[in-house]
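Data block below; observations after.
Chains as they are written, first to last, in my numbering: chain A, 1 to 186; chain B, 187 to 328.
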């Protein structure tokens, strides 16, 4: 494998950083993991955390020294969750290929199962809109997500201060947790 | 209004936004949330730490095993067996000899070897290391 180039931390550094995480850091990372698999109740967030730890230690996902450790951990969680979700989709089996007349951001035409998922996703989004029908600031965030806008763009476009944006994001989080305690899909 | 875009992409973007929220949560908020959900946040985190420690131990053994393999390869390439590091076969022989000679070895470590269960090379190396750490090879075998 050769030596670890200077721009990446060594496995010993990763080990030290993992041991140095505070209780609150673990709780934040676990919460992020739970959101990454929110739509897949069969995947346990702890499984995502454990697999991420393994990949960081094993060097499959290396830690660039100029990146904050918690940010790096979160990025690894994202990629592990993506992989586990794809495996889960494969495990559930794919349906017959059906051509549809709209683009869902995929490389190829969606199959039957994808089509069902698209409908489910759309229904979920409609429910989210319904949940926050009287909260314009949260609606701005959902609209921003639909448009693929960054936090800064949302604040600019909808004239929200940083504090208002943060508060709206917190209400969105709490509202979703309350309405979908087991995730967006059961 | 919400029908124009990819629903999957929208939910993915919302997940990112909510992860931002999780990572930005204050210490007090995140602990309060965990306490409400798990009862005792400290006990819950201790389980996460234990999980991480297990993985750390696993990877340390793996790294040690790989390093030993490299050393073995290097020493056999140079035709030298003078290094303190044992080959896997030597380690296995030493452990088996020790098992025959002594009955005071920690049972939890040696149970698999005694019962004749199939053990991987990595298991043998790990058992050798554990026994070595406990000083069982200090009497001349090492």
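Glycine included, each C-beta is placed from N, C-alpha and C at the ideal position.
Is residue i near the ligand ATP, judged by its Cβ being under 7 Å from some heavy atom?
i             : result
residue 203/B : With respect to the ligand ATP, the structure shown offers nothing to examine, as it has no ligands at all.
Taking 8 Å as the cut-off, decide whether the C-beta atoms of residue i and residue j are in contact.
i             : j             : result
residue 11/A  : residue 241/B : no
residue 243/B : residue 35/A  : no
residue 78/A  : residue 40/A  : no
residue 150/A : residue 197/B : no
residue 320/B : residue 299/B : no
residue 213/B : residue 24/A  : yes
residue 80/A  : residue 51/A  : yes
residue 192/B : residue 247/B : no
residue 291/B : residue 322/B : yes
residue 27/A  : residue 227/B : yes
residue 295/B : residue 280/B : no
Helix, strand or coil for residue i? Go by DSSP, reduced to three states.
i             : result
residue 95/A  : Reliability fails at residue 95/A, whose pLDDT of 36 lies under 50, so the model's placement of it is uncertain and no value is given.
residue 104/A : Caution applies to residue 104/A, whose pLDDT of 46 falls short of 50 and renders its modelled position unreliable; the model cannot decide the point.
residue 267/B : Here residue 267/B scores only 47 on pLDDT, less than 50, and its place in the model should not be relied on; the value that follows carries that caveat. It is coil, neither helix nor strand.
residue 8/A   : strand
residue 292/B : coil
residue 64/A  : strand
residue 244/B : helix
residue 130/A : helix
residue 42/A  : coil
residue 303/B : coil
residue 78/A  : helix
residue 21/A  : coil
residue 150/A : coil
Just the C-alpha distance for residue i and residue j, rounded to the nearest angstrom, thanks.
i             : j             : result
residue 9/A   : residue 62/A  : 7 Å
residue 202/B : residue 90/A  : 23 Å
residue 297/B : residue 308/B : 16 Å
residue 156/A : residue 58/A  : 42 Å
residue 239/B : residue 253/B : 21 Å
residue 256/B : residue 263/B : 10 Å
residue 104/A : residue 199/B : With a pLDDT of 46 at residue 104/A, under the threshold of 50, the modelled position of this residue cannot be trusted; read the value that follows with caution. Distance between the alpha carbons of residue 104/A and residue 199/B is about 14 Å.
residue 287/B : residue 315/B : 18 Å
residue 194/B : residue 261/B : 55 Å
residue 60/A  : residue 54/A  : 9 Å
residue 159/A : residue 6/A   : 43 Å
residue 42/A  : residue 169/A : 26 Å
residue 97/A  : residue 74/A  : Its pLDDT being 36, under 50, residue 97/A is placed unreliably by the model, and the measurement read from it follows with that caveat. Roughly 34 Å between the two C-alpha positions.
residue 154/A : residue 33/A  : 24 Å
Which residue marks the beginning of the alpha helix (DSSP H) containing residue i, and which one marks its end?
i             : result
residue 60/A  : Here residue 60/A belongs to no alpha helix (DSSP H), and DSSP marks it neither H nor E.
residue 201/B : 193-210
residue 38/A  : Careful: residue 38/A lies outside any alpha helix (DSSP H) and carries neither H nor E.
residue 392/B : With chain B covering only 187 through 328, there is no way to say anything about residue 392/B.
residue 171/A : 162-179
residue 182/A : No alpha helix (DSSP H) contains residue 182/A, which DSSP labels as neither H nor E.
residue 277/B : 274-287
residue 141/A : 136-147
Margin query: Does the structure place the segment 272-282 of chain B close enough to the segment 215-225 of chain B that three or more beta carbon pairs sit under 8 Å?
Written below: Output reads no: the segment 272-282 of chain B does not touch the segment 215-225 of chain B.
Margin query: For the pair the segment 115-125 of chain A and the segment 65-83 of chain A, tell me if three or more CB-CB distances fall below 8 Å.
Written below: A contact is defined here as three or more CB-CB pairs under 8 Å, and the segment 115-125 of chain A fails this definition with respect to the segment 65-83 of chain A.
Check: So, do the segment 46-57 of chain A and the segment 166-183 of chain A have three or more beta carbon pairs nearer to each other than 8 Å?
Finding: As far as the Cβ criterion goes, the segment 46-57 of chain A does not touch the segment 166-183 of chain A, which means the pair count is below three.
Next item on the list: Tell me, please, whether the segment 132-139 of chain A touches the segment 162-175 of chain A by the rule of three or more beta-carbon pairs shorter than 8 Å.
Entry: In short, these stretches touch, since the Cβ pair count reaches three.
Notebook entry, point to check: Taking one C-beta from the segment 222-241 of chain B and one from the segment 15-29 of chain A each time, how about it: are there three or more such pairs within less than 8 Å?
Noted result: At 8 Å Cβ cutoff, the stretches touch.
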